[in-house]
Ligand code: C2E
Ligand code: MG
Ligand code: MG
Ligand code: MG
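Set out below in structure tokens:
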């Protein structure tokens, strides 16, 4: 136990606790309430086929509908959730909600694959693969409509464990994507051996492409590698038609970004998908 040099434990605690730590405690308390009181929501952002402009799928992105602060983006709370042990619960909740909603759309005739982000903490839980399979069974979502997004660092952490979790899911048809590709420090030879289906090029490279030749080289290299490995590529954060033109020229298969659509609630997604279908029908008429 910590040795007290006079004063009481409370004084010691208070003195050493800065504003940030205090804010963190408040945040964690509120986050527990958020999970319990159903304040989380899932938004969906379309991924667009660069070839024909149709929707190829969506990414599920969690939001926190905070009672006083309004809609909060995951950047403000995911890390806290990981550190205070709430990410498992939040991750399970997002997975279940996304699978339920997309399975429902599927029963209404929409064939939209959904990609769900998985954090390292979730993936390291031994029961992860079984929990995902349970969720698929219970929600009725075909496994082929689910993709899991892992960052490079998760994929690299414990290769054998990662393969153990991935294998049973892949056998059922669940897809795997490496998120934020290019920002980690992966060994290329190692990465090419992992059973991934999709590389998602980090948005920082897409953003800097036009002014930074190095960013352009990274994008070109990832695309060339994906092509050789016969993998799909998603370019994240596509905001301009110039970026899209370059990506098309370099052979990227999918694009995701504000140029097409922002992450949106399910009801808006349904409207977006309906417009998309009529666009596609018109194009093929
Ligand atoms: P990510 O998985 O790389 O998701 C892409 C992020 O880029 C999203 O931010 C999306 O809103 C944003 N984005 C999309 N298009 C554009 C664009 O054209 N320009 C710009 N500037 N940004 C764009 P978001 O929704 O704030 O999520 C941030 C990160 O939080 C995600 O990055 C992901 O790592 C994490 N995250 C989101 N939902 C979950 C979740 O359910 N579980 C876990 N573990 N992490 C999540
Ligand atoms: Mg992602
Ligand atoms: Mg990403
Ligand atoms: Mg990112």
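Numbering (full-length UniProt numbering), first residue to last: 414 to 698.
Don't be surprised by glycine CBs; every beta carbon is placed ideally from N, CA and C.
Inter-residue Cα distance where the pair is residue i and residue j
i	j	result
residue 518	residue 659	33 Å
residue 437	residue 499	13 Å
residue 497	residue 638	38 Å
residue 624	residue 656	11 Å
residue 539	residue 530	17 Å
residue 515	residue 434	38 Å
residue 447	residue 506	11 Å
residue 554	residue 489	30 Å
residue 598	residue 605	14 Å
residue 451	residue 662	44 Å
residue 479	residue 456	15 Å
residue 667	residue 468	9 Å
residue 528	residue 686	16 Å
Residue burial classification, residue i (beta-carbon count within 10 angstroms, cutoff 16)
i	result
residue 567	buried
residue 603	exposed
residue 574	exposed
residue 675	exposed
residue 615	buried
residue 524	exposed
residue 470	buried
residue 473	buried
residue 561	buried
residue 548	buried
residue 584	exposed
Other residues of its chain near residue i: CB distance less than 7 Å, five sequence neighbours each side excluded
i	result
residue 618	595, 628, 631, 632
residue 493	437, 440, 441, 444
residue 535	500, 501, 504, 541
Sheet register partners of residue i (DSSP bridge)
i	result
residue 550	According to DSSP, residue 550 bridges with nothing at all.
residue 646	612
residue 449	None, per the DSSP bridge assignment.
residue 622	Answer is none; residue 622 lacks a bridge partner.
Proximal residues to residue i (C-beta, below 6 Å), its chain only, five neighbours per side dropped
i	result
residue 670	650, 651, 652
residue 593	564, 615
Span of the alpha helix (DSSP H), counted from its first residue to its last, around residue i
i	result
residue 565	565-570
residue 456	Careful: residue 456 lies outside any alpha helix (DSSP H), inside the beta strand (DSSP E) at 453-462.
Spatial neighbours of residue i in its chain, beta-carbon cut-off 8 Å, leaving aside the 5 residues before and after
i	result
residue 609	568, 589, 590, 591, 644
Where the beta strand (DSSP E) through residue i begins and ends
i	result
residue 529	527-530
residue 594	588-594
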